[in-house]
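S.K.: Residue numbers (the numbering used here): 432 to 1071.
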Amino acid sequence: MATSSLPGLQAFVAQIGLDPLPTFATADALNNPIDIYHSYLAERLQTLVECDPDVVYHSIRLSKTIEDGDLDIVLPKLKLDGVKPKELAGELLKKFLPHPLFAAPFKDGVHIRVLFSTKNTPRLLLPYVNDRKAIYGNFPALGLQDQPESESKKVIVEFARPNIAREFTIDHLRSSILGAYVSNIHEAMGYSVVRVNYLGDWGKNLGLLGVGWQKHGSEEILNEQTDLFRYIHDLYAKMEEELQPEQDARKKARQDGQDTSVLESQGLFAERDATFKRMEDGEPVAIALWEKLRAVTIEYYIETYAKLNIKFDEYSGESRVSLDPEAIAQVESMLKENDIWEEKDGAWVIDFDKHGAKLGSAAIRDRNGSTTYLLRDIATVFDRLKTYEFDKMVYVVCEQDVHFRQVFKAVELMGRGDVANKLQHVTFTRANSPVAHPGSTQLLGDILDQCENHIRDAMTANPDEYQIEDRDAVAKAMGINSLILQQLSLKKGDSNNLDFNLLTSPTGETGTNLQLCYAKLCSEIAGIGPYPGPDEIPDLDYTSLSQPPYSDVLRLIARYPVATQFAFEKLDPGIILLYMFRVIDELSACLATDELERAEGEGESSSAGLKRLARVVMYENVRQVLENGLRLLGITPISQ
432 MATSSLPGLQ AFVAQIGLDP LPTFATADAL NNPIDIYHSY LAERLQTLVE CDPDVVYHSI
492 RLSKTIEDGD LDIVLPKLKL DGVKPKELAG ELLKKFLPHP LFAAPFKDGV HIRVLFSTKN
552 TPRLLLPYVN DRKAIYGNFP ALGLQDQPES ESKKVIVEFA RPNIAREFTI DHLRSSILGA
612 YVSNIHEAMG YSVVRVNYLG DWGKNLGLLG VGWQKHGSEE ILNEQTDLFR YIHDLYAKME
672 EELQPEQDAR KKARQDGQDT SVLESQGLFA ERDATFKRME DGEPVAIALW EKLRAVTIEY
732 YIETYAKLNI KFDEYSGESR VSLDPEAIAQ VESMLKENDI WEEKDGAWVI DFDKHGAKLG
792 SAAIRDRNGS TTYLLRDIAT VFDRLKTYEF DKMVYVVCEQ DVHFRQVFKA VELMGRGDVA
852 NKLQHVTFTR ANSPVAHPGS TQLLGDILDQ CENHIRDAMT ANPDEYQIED RDAVAKAMGI
912 NSLILQQLSL KKGDSNNLDF NLLTSPTGET GTNLQLCYAK LCSEIAGIGP YPGPDEIPDL
972 DYTSLSQPPY SDVLRLIARY PVATQFAFEK LDPGIILLYM FRVIDELSAC LATDELERAE
1032 GEGESSSAGL KRLARVVMYE NVRQVLENGL RLLGITPISQ
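(1) Does residue 892 pass the burial test, meaning 16 or more other C-beta atoms within 10 Å, or should it be called exposed?
(2) Short check: CB of residue 985 to CB of residue 556, under 7 Å?
(3) Hey, how far is the Cα of residue 1055 from the Cα of residue 568?
(4) Pick from 1043, 824, 800 and 799: whose alpha carbon is nearest that of residue 811?
(5) Need the endpoints of the alpha helix (DSSP H) that residue 1073 sits in, please.
(6) DSSP three-state label for residue 633, please.
(7) Applying the 10 Å Cβ sphere with the 16-neighbour rule, what's the burial state of residue 685?
(8) Going by the CB atoms, is the gap between residue 538 and residue 565 shorter than 7 Å?
(9) Helix, strand or coil, according to DSSP, for residue 869 in the structure here?
(10) Give, in chain order, every unbroken run of the beta strand (DSSP E) that is at least 3 residues long and sits entirely within the region 770–850.
(11) Can you name the residues that DSSP bridges to residue 589?
(12) Starting from residue 747, follow the beta strand (DSSP E) in both directions and report where the run begins and ends.
(13) Let me know if residue 501 comes out buried or exposed under the rule of 16 or more other beta-carbons within 10 Å of its beta-carbon.
(14) Does the structure place the region 886–906 close enough to the region 965–972 that three or more beta carbon pairs sit under 8 Å?
(15) DSSP state of residue 504, grouped into three classes?
(16) How is the alpha helix (DSSP H) around residue 538 delimited, first residue to last?
(17) Find the nearest neighbour of residue 573 within the set 951, 1000 and 1019, judged by alpha-carbon distance.
(18) Output the boundary residues of the beta strand (DSSP E) element that contains residue 542.
(19) Return the chain-ordered list of same chain residues with a C-beta closer than 8 Å to the C-beta of residue 933, the five sequence neighbours on each side being excluded.
(20) For residue 466, I'd like the list of residues in its chain whose CB is within less than 6 Å of its CB, leaving aside the five on either flank, ordered along the chain.
(21) Does DSSP classify residue 480 as helix, strand or coil?
(22) Using only alpha-carbon positions, find the residue among 761, 773 and 861 that is nearest to residue 814.
(23) Counting only the same chain and skipping the five closest in sequence on each side, list residues whose C-beta sits under 8 Å from that of residue 541.
(24) Out of 482, 536 and 492, which has the shortest C-alpha to C-alpha gap to residue 1078?
(25) May I ask you to report which of helix, strand or coil DSSP gives residue 594?
(26) Can you tell which of 490, 704, 731 and 877 has the C-alpha that lies nearest to the C-alpha of residue 543?
(27) Where does residue 709 sit, in a helix, a strand or coil, going by DSSP?
(28) Excluding the 5 residues flanking residue 1051 on each side, which residues of the same chain have their C-beta closer than 7 Å to its C-beta?
(29) Where does residue 382 sit, in a helix, a strand or coil, going by DSSP?
(30) Should residue 869 go down as buried or exposed, given a rule of 16 or more other Cβ atoms within 10 Å for buried?
(31) Does DSSP classify residue 511 as helix, strand or coil?
(32) Going by Cα to Cα distance, which pick from 1041, 576, 475 and 498 is closest to residue 523?
(33) Over what stretch of residues does the alpha helix (DSSP H) that includes residue 681 continue unbroken?
(34) Where does residue 519 fall in DSSP's three states?
(35) Would you tell me roughly how many angstroms separate the C-alpha atoms of residue 862 and residue 954, rounded to the nearest one?
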């Protein structure tokens, strides 16, 4: 990789006829080619104005779109006394001498817009991307500790959170897909990532499932049921139906201002709570059943999540701290020492309003002494801190904003503001409606099967669009990829509904269109011919790439590291997706131009051969950029 070290990069820019690469404190020329252009432009600008080098560098920014140019000199940011920016623009344009990397700049109000040279950009950019391949767009230094000799920072990403008993929802799905992206992009930025699936494996709902098992389950079912995971979920749904009248009665009592303790001390409420209390007390029979149901759940999810290209480092859950009296006792001791909790109606609560946070009150222990969701989540923070010594922990969970703010605030009130500052909640809007799965409780595998079936139906309906050999394998892969891309295309505030018609659409900003374009690009590369060696790439004749749409594609792939860095800062996969859709728009124009040239018959002249070589290098590097983006999003690219 000739350009992967600073000496190598300096030698390379000299090879293509440039002066030594200028150095600026915030430039990252080894990971972002835009910073190479930025540095040369800042050096040139500094010769024209009397200004601090860092001020000059930061007066230059990347244009929002390539239609606005490539780099933008914002003249007011130079902070020159007694100089009017509009007048300065005219003076600077007169003084700008030609530079190998830039076309002639132009004035735009208080801005000077600068375009990259279409002649030299391929010679600089294509070898640069080719040297980095799969790591192009990564910024590994971001994940390093402050001391250079230290290891990578450690981040825990907690996502998915399906419940052992309850139905798998679209919200669990989106958490899974978004959490995988958050994990992937942290890895690309140099972090050591621990992926945690925090199962809903504890609580009163497990007590209700235990009651259901006592009534309807048996050892024979445990040993003989071929689809035990579905049986467990259907059984829980049945028990929820049986409990519903009691829940309705309690709701009415609350609305009427009545005490609900009597209702909760009888019927299924009482059976559920008693069973859960036996679990919390470590009663062997209750724990043995729970362990079996939990093992079945984990086995199912390991197998099914693999289809989504997701592998968790840890399957944890609320039970981990619930079954560790020391972990719970430590938290309760800290709450007590800091005078944070109080007794209210027989329960132990934190009144956050009294501590300056408008978060209401939340129970730590219920009236019957059971631990609550909040207490278990607080204890989990300290359990993970002890186990992993993390630098950052990200929860990717649908809504629950108040709950996580309560967790973070409680940790701060316990005297650990340093830990609270390491915690982050990535939220999104809850789905309006579930995906229907007639006759049974919905599972993750059911959703994946529906996606596969819709893609297979689309293939049957459009045979010309899908000319492939192994339709079943491609339908399975495309179904999952399209599902991932659709979920990631949603903004965090968008309603999260699964639209199967959009899933299979081959046009517009859809996953199917992106995958079809990628496959078409792979086919084009294979059809052009052999790929040049790395030593040949800088010296090829790139004249055929000097005009749009080819030059525009090059300008876009130079921006890929900027897109990944911004997507990391915002933890927003939509930034990567929007970038890739823009690339394939321009790429489609290139492929259409190539097809037209072939139809007109260029022959086998030497110029045609040079053109093919230049384009195969460009297309292979565009393909690499698209692959990098897809893999960041959790997608395995499909080449046919």
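Ideal Cβ placement from N, Cα and C applies to all residues, glycine included.
M.R.: Considering the structure as presented:
(1) Numbered from 1 along the sequence shown, position 461 holds the residue referred to as residue 892. Residue 892 is exposed by the Cβ-count criterion.
(2) Taking the first residue of the sequence shown as 1, we reach residue 985 at position 554. Taking the first residue of the sequence shown as 1, we reach residue 556 at position 125. Residue 985 places its beta carbon less than 7 Å from that of residue 556.
(3) Position 624 of the sequence shown, counted from the start, is the residue given in the question as residue 1055. Position 137 of the sequence shown, counted from the start, is the residue given in the question as residue 568. Residue 1055 and residue 568 have their alpha carbons spaced roughly 11 Å apart.
(4) Locating residue 811 in the sequence shown gives position 380, where the first residue counts as 1. If we check each option's Cα against that of residue 811, 824 comes out closest.
(5) Examination of residue 1073 is not possible in this model, given that the chain is present from 432 through 1071 alone.
(6) Numbered from 1 along the sequence shown, position 202 holds the residue referred to as residue 633. Here residue 633 carries a coil assignment [DSSP, helix/strand/coil].
(7) Locating residue 685 in the sequence shown gives position 254, where the first residue counts as 1. It is exposed - the Cβ of residue 685 has fewer than 16 other Cβ atoms within 10 Å.
(8) Here residue 565 is taken as the residue at index 134 of the sequence shown, counted from 1. Here residue 538 is taken as the residue at index 107 of the sequence shown, counted from 1. No, these two residues do not count as a Cβ contact at 7 Å.
(9) Indexing the sequence shown from 1 puts residue 869 at position 438. Confidence in residue 869 is poor, its pLDDT being 48 and thus under 50, which makes the residue's placement unreliable; the coordinate value appears in the next sentence. Note: residue 869 maps to coil in three-state DSSP.
(10) Within the region 770–850, the runs of beta strand (DSSP E) at least 3 residues long that lie entirely inside it are, in chain order, 772–775, 778–782, 792–796 and 823–827.
(11) The residue you call residue 589 lines up with position 158 of the sequence shown. Partner(s): 627 and 826.
(12) Walking along the sequence shown from the start, residue 747 turns up at place 316. Element bounds for residue 747: 745–748.
(13) Here the question's residue 501 lines up with position 70 in the sequence shown. Per the 10 Å Cβ criterion, buried.
(14) Too few Cβ pairs lie closer than 8 Å, so no.
(15) As a position in the sequence shown, residue 504 is number 73, starting the count at 1. In the structure shown, residue 504 adopts extended strand secondary structure according to DSSP, grouped into three states.
(16) For the purposes of this step, residue 538 is identified with residue 107 of the sequence shown, where counting begins at 1. Here residue 538 belongs to no alpha helix (DSSP H); instead the beta strand (DSSP E) covers 537–539.
(17) Translated into the one-based positions of the sequence shown, residue 573 becomes position 142. Looking at 951, 1000 and 1019, the one whose alpha-carbon comes closest to that of residue 573 is 1000.
(18) Numbered from its first residue, the sequence shown carries residue 542 at position 111. Start and end: 542–545.
(19) Mapped onto the sequence shown, residue 933 falls at position 502. The residues are 917 and 941.
(20) By one-based count along the sequence shown, residue 466 stands at place 35. Beyond the five residues adjoining it in sequence on each side, residue 466 comes within less than 6 Å, by CB distance, of 458, 459 and 460 in the same chain, given in chain order.
(21) Translated into the one-based positions of the sequence shown, residue 480 becomes position 49. Under the three-state reduction of DSSP output, residue 480 falls in the coil class, being neither helix nor strand.
(22) What you label residue 814 is simply residue 383 of the sequence shown in a count that begins at 1. Among 761, 773 and 861, the Cα nearest to that of residue 814 is on 761.
(23) Your numbering for residue 541 matches position 110 in the sequence shown. Excluding residues up to 5 positions away in sequence, 505, 506, 507, 516, 517 and 520 lie with their Cβ nearer than 8 Å to the Cβ of residue 541 in the same chain.
(24) What the structure shows of the chain is the stretch from 432 to 1071, and residue 1078 is not part of that stretch, so it cannot be assessed.
(25) Here residue 594 refers to the residue found at position 163 of the sequence shown. Residue 594: strand per DSSP, three-state reduction.
(26) Here residue 543 is taken as the residue at index 112 of the sequence shown, counted from 1. Taking each of 490, 704, 731 and 877 in turn and checking the Cα distance to residue 543, the smallest one comes out for 490.
(27) Counting from one through the sequence shown, the residue named residue 709 turns up at place 278. DSSP places residue 709 within a helical segment (H, G or I) once states are collapsed to three.
(28) Here residue 1051 is taken as the residue at index 620 of the sequence shown, counted from 1. Once the five neighbours on either side are set aside, the close Cβ partners of residue 1051 are 956 and 962.
(29) For residue 382 there is no data in the structure shown, the boundaries of the chain being 432 and 1071.
(30) Here residue 869 is taken as the residue at index 438 of the sequence shown, counted from 1. With a pLDDT of 48 at residue 869, under the threshold of 50, the predicted position of this residue should be treated as unreliable, and no value is reported.
(31) Looking up residue 511 in the sequence shown gives position 80. Of the three classes helix, strand and coil, the one that applies to residue 511 here is coil, per DSSP.
(32) As a working mapping, residue 523 is identified with position 92 in the sequence shown. Looking at the Cα atoms, 475 is the closest of the given residues.
(33) Along the sequence shown, read from residue 1 onward, the residue named residue 681 stands at position 250. Start and end: 659–686.
(34) Residue mapping note: residue 519 aligns to position 88 of the sequence shown, counting from 1. For residue 519, the three-state secondary structure derived from DSSP is helix.
(35) By 1-based counting over the sequence shown, the position of residue 862 is 431. By 1-based counting over the sequence shown, the position of residue 954 is 523. If you take the alpha carbons of residue 862 and residue 954, they lie about 38 Å apart.
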